[in-house]
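Participant: So the sequence shown is numbered by this note's numbering: it starts at 641 and just counts up by one. The beta carbon of each residue, even a glycine, is placed where N, CA and C say it ideally should be. Just so you know, these numbers come straight off a predicted model, no measurement behind them. Below you will find the structure I want to go over with you.
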Amino acid sequence: MLGSTIIEINGVFLGAAILVSSSGKRRFYAAHDSVRALHNELLPDLGTLQQRIRLHVRKPALDLA
641 MLGSTIIEIN GVFLGAAILV SSSGKRRFYA AHDSVRALHN ELLPDLGTLQ
691 QRIRLHVRKP ALDLA
């Protein structure tokens, strides 16, 4: 593991984006049930990963409270 970035929305800790290569690829480690479906997803960079998580969390069925 080269490094990680905490991912949170509205103060709710969702997980961590783990840097897995020097090219910037990130693997998501889900810590919150609302994003469990995205656990271990590998994306090309932090921005793409954050966008993927935001889109997933915006689904009406999810509750971050």
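Rounded to a whole number of angstroms, what is the C-alpha to C-alpha distance between Q691 and A677?
Facilitator: C-alpha separation (whole angstroms): 15 Å.
Participant: Label L702 either buried or exposed according to how many other C-beta atoms from any shown protein chain fall within 10 Å of its C-beta, with 16 as the threshold for buried.
Facilitator: In this prediction, L702 scores a pLDDT of 49, lower than 50, which makes its location untrustworthy; the coordinate-derived value is nonetheless stated afterwards. Its Cβ having fewer than 16 others within 10 Å, L702 is exposed.
Participant: If you draw a straight line from the alpha carbon of H672 to that of S663, how long is it in whole angstroms?
Facilitator: Distance between the alpha carbons of H672 and S663: 27 Å.
Participant: Distance, Cα to Cα, R607 vs S674?
Facilitator: A query on residue 607 cannot be resolved here, the shown segment of the chain reaching from 641 to 705 and no further.
Participant: Give me the Cα-Cα distance between P684 and F668, rounded to the nearest whole angstrom.
Facilitator: Roughly 11 Å separates the two Cα atoms.
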